[in-house]
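Just remember that my numbering sits 42 ahead of the position in the sequence shown, which is counted from 1. What follows is a single structure, written as structure tokens, with notes after it.
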Amino acid sequence: MSSLRYPTLTFSIAVPDAARAIEFYQLAFGAVELYRLVDPETQKIGHAELTVGDSLFMVSDEYPAFNQTPQRLGGVSARFVLMVDDVDATVARAVAAGAQVKRSPKDQFYGFRSAGIIDPAGHEWMVQKQLETLTPTEMQARWNSMVSTPATTA
């Protein structure tokens, strides 16, 4: 029996090739695989548990009756937010491991440096680091200023 204490909330994702996805998460984000359950007939991964830092997530190959990949669904409706010490270095590792950049690293109005990537399985990740602590009122004021300022053309 696992001695792992499960967090109140975690996520589970379906991917087209769970073994490859696990390898990507290890290379890109430093994930640690706790275990995997392999279907003896198909060799598909029915369930695997990984940690990144103090967070747990679960990965499996697609079983359309139980779960579906972004490819089958035609996209995603959620993205995962990963807090890191160095956004640029994490994005570079993710790209080297096979991710695509959706949004390059940039300092944001809400006090974070963030970037968006799409992993090889089609899931979206926001990689970010907090640069400063702002109140919701300060963030709203910055957002208002940002969206009301006319764009300049070069």
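Yeah, the Cβ is synthetic: ideal placement off N, Cα and C, and Gly gets one too. All figures in this text were calculated on a predicted structure; none of them were measured in a lab.
Are the stretch 104–118 and the stretch 44–62 touching by the rule of at least three beta carbon pairs closer than 8 Å?
yes
On a Cα-Cα basis, can you pick out the residue from Ala141, Gly164, Phe71 and Arg155 that is closest to Gln113?
Gly164
Which ranges does the beta strand (DSSP E) cover as unbroken runs of at least 3 residues, wholly within the stretch 94–126, from first to last along the chain?
97–103 and 121–125
Could you tell me the distance, in whole angstroms, from the CA atom of Arg145 to the CA atom of Ala61?
26 Å
For the candidate residues Trp167, Glu104 and Ala138, whose alpha-carbon lies nearest to that of Leu69?
Ala138
What residues match up with Gly164 in a beta bridge as DSSP calls it?
Partner(s): none; Gly164 has no beta bridge.
The alpha helix (DSSP H) spanning Phe71 covers which residue range?
Ala60 to Phe71
Quick check: the Cα distance between Ser187 and Gly72, rounded to an integer number of angstroms?
37 Å
So is Gln166 buried or exposed if we call it buried at 16+ other beta carbons inside 10 Å?
As written in the sequence, residue 166 is Glu, which differs from the Gln given in the question. Result: buried.
Pick helix, strand or coil for Met43, following the three-state DSSP scheme.
At Met43, the pLDDT of 46 sits below 50, so the modelled position is not reliable and the matter cannot be decided from this model.
Report, in whole angstroms, the separation of the C-beta atoms of Ile64 and Val101, which I expect to be a contact under 8 Å.
6 Å
For Thr50, which of Ser97, Val118, Gln172 and Thr177 has the nearest alpha-carbon?
Ser97
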